[in-house]
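Data first, discussion second: the structure below is written as structure tokens.
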Amino acid sequence: MLPVRLSSVGGRSHEVIREAIERELVDAGWRVDDGFAGHLLIGNVRELSVLVPWRARRGADPAYELYDVEKHVACWVRVIQTPLQARMIL
Numbered sequence: 013m014l015p016v017r018l019s020s021v022g023g024r025s026h027e028v029i030r031e032a033i034e035r036e037l038v039d040a041g042w043r044v045d046d047g048f049a050g051h052l053l054i055g056n057v058r059e060l061s062v063l064v065p066w067r068a069r070r071g072a073d074p075a076y077e078l079y080d081v082e083k084h085v086a087c088w089v090r091v092i093q094t095p096l097q098a099r100m101i102l
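All you need for our numbering is the position in the sequence shown, starting with 1, plus 12.
Set out below in structure tokens:
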């Protein structure tokens, strides 16, 4: 995939490579669902999801949302967690 140029943050432009984020999700044990590719990346494992919104891909202050579909519980984290870690957090 090609780098995506996003708006400037702090006067510096940041290029974010979607493929690198997808690889990080897969390496952590998530299955990537790119059905919302224009808005966010989603990683799924059974009832758990990790959501990577566009602002997290800017690199300035990344935050990722962990979500448990069955419990309807979510929380924000600063690093991509493994599904096991997500289960323990949620």
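Ideal Cβ positions, reconstructed from N, Cα and C, are used throughout, including at glycine. These figures come from a predicted structure and were not determined experimentally.
Start-to-end residues for the alpha helix (DSSP H) that takes in PRO95: Per DSSP, the unbroken alpha helix (DSSP H) holding PRO95 starts and ends at 95-101.
Quick check on this structure: which residue in ARG30, ILE54 and TYR79 has the alpha carbon closest to the alpha carbon of CYS87? For CYS87, the nearest C-alpha among the options comes from TYR79.
Using the three-state DSSP reduction, which class does ARG58 fall into: helix, strand or coil? Looking at ARG58 - three-state DSSP - the assignment turns out to be coil, as it is neither helix nor strand.
Can the beta-carbon of ARG43 be found less than 7 Å from the beta-carbon of ASN56? A Cβ-Cβ contact shorter than 7 Å links ARG43 with ASN56.
Rounded separation between ARG30 and ARG99 - CA only: Between ARG30 and ARG99, the C-alpha separation is close to 25 Å.
Quick check on the burial criterion: 16 or more other C-beta atoms within 10 angstroms. Buried or exposed for VAL62? VAL62 is buried by the Cβ-count criterion.
Proximity of TYR76 and ILE92 at Cβ, strictly below 7 Å: Yes, the Cβ-Cβ distance between TYR76 and ILE92 is below 7 Å.
Pick out whichever of VAL38, GLU59, PRO95 and LEU37 has its Cα sitting closest to the Cα of GLU82. For GLU82, the nearest C-alpha among the options comes from GLU59.
By DSSP, does ARG43 sit in helix, in strand, or in coil? Assignment of ARG43 by DSSP, reduced to helix, strand and coil, places it in the strand class.
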